[in-house]
Amino acid sequence: MSDELKTPLLDELEKGPWPSFVSDLKQMAPKKRMVRDLLGQLEKSYRDKRGYWKHGGLVGVMGYGGGVIGRYSALPEEFPGVSHFHTIRVNQPSGWFYTAKALNELMDIWDAHGSGLLNMHGSTGDLVFLGTVTDELEPTFRELTAKDWDLGGSGSDMRTPSCCVGPARCQNACYDTLALTYDLTHKYQDELHRPMFNYKFKIKMSGCPNDCTAAIARSDLGIIGIWKDDIQVDQAAFAEYLDSGMNVQEYVVEKCPTKCISIEGKEIKIDNSDCVKCMHCINMLPKALRVGKERGAAIVLGGKAPIVEGALFGSMMIPFMKMDDFEELHDLIERIWEFWDEHGKNRERIGECVERVGLAAFIEGIGLEPIPQMVTQPRDNPYIFYEEYYEEE
Amino acid sequence: MAGISIEQIADEMYQMVAESAGQKKLKSTDLTKAITSKYGDQVSKQDCKDAIKLLIDSGRCVYGYFGGSSIELPHKEGSAN
Ligand code: SF4
Ligand code: SF4
């Protein structure tokens, strides 16, 4: 890159063994004024210890209220290349599977219309195109849709549903996360593109309690695979673990949170009635243990990262739902939205709304029967107050 | 439904957006609540959604974002300057 731009503070981020975004930006800077000015503004921000971005405004593509995040430099004279630096969210394929051809198409579009910088993937799950000007938004959108891509969500809408790789690559998957993500994305196109809620609504799908999408903590509605029956055991494979010298007692038996595992001779015994499906033993002994055969998903509601209010974990709404078809889930989602629409306040996430009105009032409002498995967090007490129980005492 | 068309709802919503321009940013829910409280059972939430769709797709209104999504009259980029 040219000698004129000195970035001593950013250069620090290139030291050490890790890949550095600064090196990537420097590689592109000679080709793109936008990237060069991005480096310049970033260096200044580090030096002055303040950000120079302004967000929001009226950028978007015709008919859509989400998918584009307006960003402008507060120093357009000094850094004209980033006077506009809008982000475009591209709806990712379920499980983030791309063909090389698809990736090349995307890169060609973005090289022609934007900075060429991208983020795979943002925390929402989308493929994120970083940095373009307002006049390039419609042309980018046109080219994307001509190749069957679409924008993702942003603002007060249903955010792009996202999932783990599920049954495509993972033996732990208790339902087809990819199919559900595809289904919800298509069914709720209006909710995705036309912001109509009090605030954002994220749906994440994890195929098992390992929860690789962090659905319980990072989504308003988490759909987490679970099984109802017993963990499947291959005793011969278990014996091989013992024979290999693995300290199963220390690393598996003693680490089971409910102490429901024991070893008898060369066999593993699990008291499944006490298993809380934490996945630890299955993760440690993948050749010997498998999730059960009666599979479905648990539905948790209200998780979120701290933004307006503090972070929340999702609360258990439905401990087990069959995932053969998704109609029961659609019905639940629509009842939740209806309630939120009626009772939610501006910029209030569903979890905050539920906290304000009370979990018991909420489940009654959406027509769920209270059951003991409804807990605010794993291994917690139920949040339902059983009046009959107390009356009998 | 009792003679209130989607176009009429859209016109009323447009009026609200125009009147509050520069003072208050209205959201989808504000427009829907205003219309449903005015007409009660004569309009449904779906009618309101359809009316907003009409406003946006015709270009009479656009979506904006300032800490939350709003429905606004088209104008020059807000944050640019
Ligand atoms: S959440 Fe479970 S099913 Fe999904 S990828 Fe992770 S381990 Fe596999
Ligand atoms: S899944 Fe967790 S709770 Fe269940 S048996 Fe294995 S370690 Fe114990």
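These protein sequence lines map, in sequence, to chains A and B.
Be aware that the first sequence starts at 4, since it is given in my numbering, and climbs by one per residue.
Be aware that the second sequence starts at 2, since it is given in my numbering, and climbs by one per residue.
Yeah, the Cβ is synthetic: ideal placement off N, Cα and C, and Gly gets one too.
Neighbour list for residue i in chain A, Cβ cutoff strictly below 9 Å
i, result
"Asp48 of chain B", "What Asp48 of chain B touches in chain A: nothing, since even the nearest Cβ is about 13 Å away."
Nearest-angstrom Cα separation, counted from residue j out to residue i
i, j, result
"Ser97 of chain A", "Ser165 of chain A", "7 Å"
"Gly417 of chain A", "Lys39 of chain B", "Lying before the first or after the last residue shown, residue 417 of chain A is absent from chain A, which here runs from 4 to 396."
"Asp277 of chain A", "Cys167 of chain A", "27 Å"
"Ile53 of chain B", "Asp153 of chain A", "21 Å"
"Arg50 of chain A", "Leu12 of chain A", "7 Å"
"Asn216 of chain A", "Gln376 of chain A", "According to the sequence provided, residue 216 of chain A is Thr. The question's Asn does not apply to it. If I take the Cα positions, the gap works out to 23 Å."
"Asn201 of chain A", "Asp344 of chain A", "7 Å"
"Lys348 of chain A", "Cys356 of chain A", "7 Å"
"Leu55 of chain B", "Tyr75 of chain A", "30 Å"
"Asn213 of chain A", "Glu330 of chain A", "25 Å"
"Met4 of chain A", "Val62 of chain A", "Low per-residue confidence applies at Met4 of chain A: pLDDT is 47, beneath 50, and the placement is therefore not dependable, though the value from the model is reported in the following sentence. Rounded to the nearest angstrom, the two C-alpha atoms are 32 Å apart."
"Asp151 of chain A", "Glu108 of chain A", "11 Å"
"Gln9 of chain B", "Gln95 of chain A", "38 Å"
"Thr37 of chain B", "Gly60 of chain A", "28 Å"
"Gly60 of chain B", "Gly66 of chain A", "8 Å"
"Phe323 of chain A", "Gly317 of chain A", "15 Å"
"Val255 of chain A", "Ser247 of chain A", "15 Å"
"Asp40 of chain A", "Phe82 of chain A", "5 Å"
"Leu371 of chain A", "Ile321 of chain A", "9 Å"
"Glu253 of chain A", "Ile285 of chain A", "15 Å"
"Lys262 of chain A", "Tyr185 of chain A", "39 Å"
"Ala115 of chain A", "Met123 of chain A", "19 Å"
"Ser23 of chain A", "Lys47 of chain A", "18 Å"
"Arg172 of chain A", "Thr30 of chain B", "41 Å"
"Gly295 of chain A", "Tyr178 of chain A", "12 Å"
"Asp138 of chain A", "Gln192 of chain A", "25 Å"
"Gly23 of chain B", "Asp328 of chain A", "47 Å"
"Asp12 of chain B", "His76 of chain B", "19 Å"
C-beta atoms of residue i and residue j nearer than 8 Å
i, j, result
"Leu78 of chain A", "Gln44 of chain A", "yes"
"Gly158 of chain A", "Gly68 of chain A", "yes"
"Ile229 of chain A", "Lys280 of chain A", "yes"
"Ile57 of chain B", "Val18 of chain B", "no"
"Gly306 of chain A", "Gly354 of chain A", "yes"
"Gly210 of chain A", "Pro170 of chain A", "yes"
"Thr180 of chain A", "Met208 of chain A", "yes"
"Tyr84 of chain B", "Pro33 of chain A", "Absent from the model: residue 84 of chain B. The displayed extent of chain B is 2 to 82, so no value can be given."
"Lys46 of chain B", "Thr33 of chain B", "yes"
"Thr148 of chain A", "Gly117 of chain A", "no"
"Gln235 of chain A", "Leu292 of chain A", "yes"
"Gly70 of chain A", "His58 of chain A", "no"
"Ala301 of chain A", "Ile206 of chain A", "no"
"Tyr244 of chain A", "Leu315 of chain A", "no"
"Gly155 of chain A", "Val93 of chain A", "yes"
"Arg350 of chain A", "Gly69 of chain B", "yes"
"Gln43 of chain B", "Ile5 of chain B", "yes"
Under 8 Å from the C-beta of residue i: neighbouring residues of chain B
i, result
"Arg53 of chain A", "In chain order: nothing, as chain B lies at least about 17 Å away."
"Ser97 of chain A", "Correct list: empty, because the minimum Cβ distance to chain B is about 25 Å."
"Arg350 of chain A", "Gly68 and Gly69"
"Tyr202 of chain A", "Gly69"
"Gly19 of chain A", "Residues of chain B passing the Cβ test: none, with the nearest at roughly 36 Å."
Proximal residues of chain B, C-beta to C-beta of residue i below 7 Å
i, result
"Pro198 of chain A", "Ser29, Tyr64 and Ser70"
"Asp344 of chain A", "Thr30"
"Gly313 of chain A", "Neighbours of Gly313 of chain A on chain B: none; closest Cβ ~18 Å, over 7 Å."
Presumed contact (8 Å Cβ cut-off) between residue i and residue j, rounded CB distance
i, j, result
"Leu195 of chain A", "Met249 of chain A", "Contact doesn't hold; Cβ gap of about 47 Å is too wide."
"Leu304 of chain A", "Asp233 of chain A", "28 Å between Cβ atoms; not a contact."
"Glu146 of chain A", "Ile112 of chain A", "5 Å"
"Val136 of chain A", "His87 of chain A", "4 Å"
"Leu28 of chain A", "Leu42 of chain A", "5 Å"
"Ala242 of chain A", "Lys269 of chain A", "4 Å"
"Arg53 of chain A", "Gly84 of chain A", "With a Cβ gap of about 20 Å, Arg53 of chain A and Gly84 of chain A do not count as contacting."
"Thr102 of chain A", "Thr127 of chain A", "Contact doesn't hold; Cβ gap of about 22 Å is too wide."
Within chain A, the residues that residue i reaches when beta carbons sit closer than 8 Å
i, result
"Gly41 of chain B", "The contacting residues do not exist; Gly41 of chain B stays about 15 Å from chain A at best."
"Lys54 of chain B", "Asp193 and Arg197"
"Ile57 of chain B", "Gly66, Gly68 and Arg197"
"Lys60 of chain B", "Residue identity differs from the one stated: residue 60 of chain B is Gly in this sequence, not Lys. Ordered by position in chain A, the residues that pass the 8 Å Cβ test against Gly60 of chain B are Met65."
Contacts of residue i in chain B (Cβ-Cβ under 9 Å)
i, result
"Ser159 of chain A", "Lys28, Ser29, Thr30, Tyr66, Gly69, Ser70 and Ser71"
"Gly156 of chain A", "Under the 9 Å cutoff, chain B gives no residues; its nearest Cβ is about 10 Å from Gly156 of chain A."
"Gly84 of chain A", "Per Cβ cutoff of 9 Å: no residues; Gly84 of chain A is ~15 Å from chain B at best."
"Gly317 of chain A", "Here the premise fails: no neighbours, minimum Cβ distance about 23 Å."
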